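For reference, the structure is listed below as structure tokens.
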Amino acid sequence: MRIVTIGRGTIGGGLSRLWREAGHDVVELGRDGGDASDADVVLIAVPGAKISAALRGVTGLNGKIAIDATNIMPARQGDFPSYAHEVKSFTHGPVAKSFNMNFGALFDAVREQRVRPSNWYVADEEAREVTERLIRDAGYDPVRVGDLSRARDFEDAVWLLMGIEPVGGVLYRFAVPGEL
Ligand SMILES: NC(=O)c1ccc[n+]([C@@H]2O[C@H](COP(=O)([O-])OP(=O)(O)OC[C@H]3O[C@@H](n4cnc5c(N)ncnc54)[C@H](OP(=O)(O)O)[C@@H]3O)[C@@H](O)[C@H]2O)c1
Numbered sequence: 000m001r002i003v004t005i006g007r008g009t010i011g012g013g014l015s016r017l018w019r020e021a022g023h024d025v026v027e028l029g030r031d032g033g034d035a036s037d038a039d040v041v042l043i044a045v046p047g048a049k050i051s052a053a054l055r056g057v058t059g060l061n062g063k064i065a066i067d068a069t070n071i072m073p074a075r076q077g078d079f080p081s082y083a084h085e086v087k088s089f090t091h092g093p094v095a096k097s098f099n100m101n102f103g104a105l106f107d108a109v110r111e112q113r114v115r116p117s118n119w120y121v122a123d124e125e126a127r128e129v130t131e132r133l134i135r136d137a138g139y140d141p142v143r144v145g146d147l148s149r150a151r152d153f154e155d156a157v158w159l160l161m162g163i164e165p166v167g168g169v170l171y172r173f174a175v176p177g178e179l
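For the sequence shown, counting from 1, position 117 maps to 116 in numbering that gives the first Met the number 0; every step adds exactly one.
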């Protein structure tokens, strides 16, 4: 797939590396923006308060499938129902919220585990297939916890994730009985 990441830091840069290893063609954009016309999917990985500022600097977004990885920390900004909805106001296409519930500092450990760690996500139906593929290609198993109407609840749940010790990050696994 052709992927454009908007943000090339811990999350954008880290996922770019994992996705290139899985054979994808990835272009990373920073705060100066750029063009996403050729993308099959765009990843949004900028500070949550900078979503609009960052997306204003990117052309070719209209109709693109977007995966929003932003978090509301340290505090939610703006009046959109969710940050995922703020992204959608620029892309006008299917949106998924994923990788916001996974620790970038642990990307290198994901493929070394006895079982594949989970990656919760919420998504519009039309974004599911691409999102699940990219979650798997980053080394996780996808777990859908709702459609995009749950994005705000999902974003707010980050505070629970941040409460889990040890501070600095955990991997997690959801399973049906018999799987563990
Ligand atoms: N770190 C984690 O473990 C983690 C986990 C889940 C979700 N998240 C979320 O993912 C997003 C990215 O986090 P990160 O840790 O990857 O951040 P980061 O390392 O600080 O990278 C931020 C990226 O955003 C870009 N950017 C674009 N417009 C910007 C602006 N106006 N101001 C500042 N930066 C701008 C930066 O561009 P330049 O390259 O030009 O500086 C940089 O590439 C955040 O919403 C964060 O809450 C982080």
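Just so you know, even glycine gets a beta-carbon here, dropped at the ideal spot from N, CA and C. Bear in mind that the values here come from a model prediction, so they are computed numbers and not experimental data.
Candidates the options, of which the one nearest residue i by Cα
i           : options               : result
residue 36  : 57, 44 and 22         : 57
residue 49  : 61, 64, 60 and 31     : 31
residue 107 : 14, 1, 55 and 24      : 14
residue 130 : 98, 47 and 88         : 98
residue 22  : 168, 167, 132 and 125 : 132
residue 168 : 100, 124, 24 and 144  : 100
Close beta carbons around residue i, own chain, < 7 angstroms, minus the five adjacent residues each side
i           : result
residue 45  : 5, 6, 53 and 69
residue 117 : 139, 140, 142, 171, 172 and 173
residue 12  : 27
Distance between residue j and residue i (C-alpha atoms, nearest Å)
i           : j           : result
residue 146 : residue 39  : 21 angstroms
residue 75  : residue 84  : 13 angstroms
residue 148 : residue 17  : 29 angstroms
residue 178 : residue 115 : 11 angstroms
residue 164 : residue 113 : 20 angstroms
residue 41  : residue 65  : 5 angstroms
residue 120 : residue 135 : 12 angstroms
residue 127 : residue 77  : 26 angstroms
residue 90  : residue 61  : 5 angstroms
residue 19  : residue 176 : 34 angstroms
residue 122 : residue 55  : 23 angstroms
Close beta carbons around residue i, own chain, < 8 angstroms, minus the five adjacent residues each side
i           : result
residue 192 : Residue 192 is absent from the structure shown; the chain starts at 0 and stops at 179.
Own chain, CB closer than 6 angstroms to residue i, minus 5 neighbours either side, in chain order
i          : result
residue 9  : 103
residue 34 : 58 and 59
Beta-bridge partners of residue i, as assigned by DSSP
i           : result
residue 34  : 58
residue 97  : 120
residue 46  : According to DSSP, which records beta bridges pairwise, residue 46 is partnered with nothing at all.
residue 207 : Within the shown structure, residues of the chain are numbered from 0 to 179, placing residue 207 beyond reach of any answer.
residue 143 : 120
Contact with chain B by residue i, beta-carbon distance below 8 angstroms
i          : result
residue 46 : Considering every chain present, this structure includes no chain B. It has just one protein chain.
Worksheet item: Is the stretch 156 to 168 touching the stretch 121 to 141 in the sense that three or more CB pairs, one from each, lie closer than 8 angstroms?
Response: Touching, no, given that fewer than three Cβ pairs across the two stretches are closer than 8 angstroms.
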